[in-house]
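Read through the structure below, which is laid out as structure tokens, and then see the notes.
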Amino acid sequence: MVTISLGKGTLIMQIAIVDDLKSERDLLGSYIVRYCQENNISLNLVKFTCGEEILATKTTPFDIIFLDIYMPGLSGLETASEIRKLDTNCLLVFSTTSSDFAVKSFRVRAFDYLVKPYAYEQLAEIMSLAEKALHKSSRFIEVKESREMVKILIRDILYADYDNHYIQIHTKDNTIKTYLSFQDFAPVLLKYPQFLNCYRNCIINMDSVASLYDNDFLLKNGERIPITREKRSEIRQFYADYAFQKLNGDV
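Here the sequence shown is numbered in the numbering used here, starting from 781 and rising by one per residue.
Here it is in structure tokens:
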């Protein structure tokens, strides 16, 4: 394992390279360093020689992990499957001599892949897309709970509803309550494309939806959120449009 740190940029990227060939680790590492220097990004880059090595480390979670597909021991796909059990948010980028594995990579939600040999420009394009994705995933709202201001990551919000003068923001881990009218709070979430006002005084994060039924949404945590009867067709179409745009990378 080799660690490289550089830069004083406002954006900090935690990146890992996993490849059994030193020449490949060094080439990809040099491209990543060059991109971060050119774009004023602070970088913490860690290089691993195999999948077993990165899985054994207890270091800071990575924003991006570059994985070689063909390695002795655990393959890149096998390593990615284990990583996904521990981290559902990091961006996985595969490097390989063939694009034949692309369909399999969807099972571990691959962000992109590099086909060897690749040029710096190809890596730079992936890094630029990764920057945008990381920026989006780090967005947050700030609300007052009791006497303290609380920051909530947008991606962690499942839904928000209103009860007895309080907004209840339901996240993956807990529920935050803030004294606010629904009319004042709604625009805070609805300016983001993934949020939908599906029922009276209730807004869901469409990224947290597992299935859409005739009368309600089933969320990934098992909760069901009703769809208002008067706008059922409109809401179902809105969700279908969002899912299509997301599939095509437009949101």
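Where a beta carbon is used, it is the ideal one built from N, C-alpha and C, also for glycine.
These figures come from a predicted structure and were not determined experimentally.
**Reduced DSSP secondary structure (H/G/I, E/B, other) of K802** = Taking the first residue of the sequence shown as position 1, residue 802 is located at position 22. It is helical.
**Distance between beta carbons of I792 and N824, contact taken as under 8 Å** = By 1-based counting over the sequence shown, the position of residue 824 is 44. By 1-based counting over the sequence shown, the position of residue 792 is 12. Confirmed, Cβ separation roughly 7 Å.
**Asked** In three-state DSSP terms, what is C982?
**Response** As a first step, residue 982 must be located in the sequence shown, where it is residue number 202. In this structure, C982 counts as strand in the three-state DSSP scheme.
**Request:** Would you identify the three-state DSSP class for K931, choosing helix, strand or coil?
**Result:** On the sequence shown, residue 931 is found 151 positions in, with the first residue counted as 1. Three-state DSSP puts K931 in a strand.
**Asked** Going by DSSP, what residues sit across from A836 in a beta bridge?
**Response** Residue 836 sits at position 56 when you count from the first residue of the sequence shown. Answer is none; A836 lacks a bridge partner.
**Request:** Express the C-alpha separation of L960 and N944 in angstroms, rounding to a whole number.
**Result:** As a first step, residue 944 must be located in the sequence shown, where it is residue number 164. As a first step, residue 960 must be located in the sequence shown, where it is residue number 180. Rounded to whole angstroms, N944 to L960 spans 10 Å at the Cα level.
**Prompt:** Are the beta-carbon atoms of L872 and A860 separated by less than 8 Å?
**Reply:** Residue mapping note: residue 872 aligns to position 92 of the sequence shown, counting from 1. Residue mapping note: residue 860 aligns to position 80 of the sequence shown, counting from 1. Yes.
**Same chain only: Cβ atoms within 6 Å of L778, ignoring 5 sequence neighbours per side** = Absent from the structure is residue 778, since the part of the chain shown begins at 781 and ends at 1031.
**Message:** Tell me the rounded alpha-carbon separation between I937 and D994.
**Reply:** The residue you call residue 937 lines up with position 157 of the sequence shown. The residue you call residue 994 lines up with position 214 of the sequence shown. When rounded, the distance between both Cα atoms is 23 Å.
**Prompt:** Roughly how many angstroms separate the alpha carbons of D1032 and T876, rounded to a whole number?
**Reply:** Outside the displayed span of the chain (781 to 1031) sits residue 1032, for which this structure offers no information.
**Euclidean distance between Cα positions of D1023 and P967** = As a first step, residue 1023 must be located in the sequence shown, where it is residue number 243. As a first step, residue 967 must be located in the sequence shown, where it is residue number 187. Position check: residue 1023 holds Ala in this sequence, whereas Asp was assumed. If I take the Cα positions, the gap works out to 21 Å.
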